[in-house]
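Residue numbers (my numbering): 438 to 616. All C-beta atoms in this analysis are idealised placements derived from N, C-alpha and C, irrespective of residue type, glycine included. Computed from a predicted structure; not experimentally measured. Notes follow the structure.
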Amino acid sequence: MVINTDTEAELALVKELAEKDGAFRCVICSHFSEGSKGAKDLAEAVVAACAQTNKFKFLYNLESSLEQKIETIAKQIYGADGIEFKGNSKEKMELFEKQGFGNLPVCMAKTPLSLSDNPAKKGVPKNFTIPIQDIKLSAGAGFVYPLLGAVTTMPGLSTRPCFYDIDIDADTGEIEGLS
C-alpha cells in the first residue's frame, strides 16, 4: 500500500527486500489515491498467490490465549517490550475467551505509519509498550482484533455522511455533490 509520503526509493527497497525474503510477488498498491485501478495489480497477484500451494504457519499457536497471541505479535513483529491493556480491553478479551472465541487468530489494528502505536515514531522504535485501547470480535469473519492506540477501523466513515451534500438540480436533472 502506497502512502503519500512514500518515496520511489522506499517503495523499491520494500519490493526488493520482500522478493529477496521469498514473497510470491510484490506489487505497488495505490488504491487510496487511484481507487480500484490502483489495486488491480495487487488483486491479480493475490489471485495468483492463492492458486499456489503453501506452507502457511501462524506466528503463534492457535491454542494459546488471546493475550499470548497479541503479545507474541507485539514483541516478535513490532519489536515492542510488551503490551498494556487500557480501559476494559482485558475484560473484553477474557469474555471472548469464555464465549469460546479464544482459539481465533488475531489481526492487529494500528497505524500504518509506525511499528509502534505512535505514527510519529519512525523507523524501528525501541523501548516501547503497545497500548491495547480496545479489542473487538469479528465472529463471522473468524478473528479478534485489538486496537493499538488511537486508530480508526474500516470502513472509516466520517461522522457526517456525504449524502447530505448530494442533490439533484430540478431544472437540469444533473446530480450535484459527487465530486
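Query, Result
"DSSP has L574 in a bridge; who is on the other side?", "V581"
"Whose C-beta lies closer than 6 Å to the C-beta of S553 among residues of the same chain, with five residues either side of it excluded?", "P562 and F565"
"Does the region 526-533 touch the region 485-493, meaning 3 or more C-beta pairs lie closer than 8 Å?", "no"
"Am I right that L585 and I567 are in contact with their C-beta atoms under 8 Å? What's the rounded C-beta distance?", "5 Å"
"For the 8 Å Cβ check, are there 3 or more pairs between the region 476-485 and the region 495-506?", "no"
"If L541 sits next to F495, beta carbons under 8 Å apart, how far is it from one beta carbon to the other, in whole angstroms?", "Not really, about 11 Å apart at Cβ, beyond 8 Å."
"Here's the rule: buried if 16 or more other CB atoms are within 10 angstroms of the residue's CB, otherwise exposed. What is I510?", "buried"
"Span of the alpha helix (DSSP H) holding E445?", "E445 to K457"
"Residue range of the beta strand (DSSP E) that E514 falls in?", "Strictly speaking, residue 514 in this sequence is Ile, with Glu absent from that position. Where I514 is concerned, there is no enclosing beta strand (DSSP E), given that its DSSP letter is neither H nor E."
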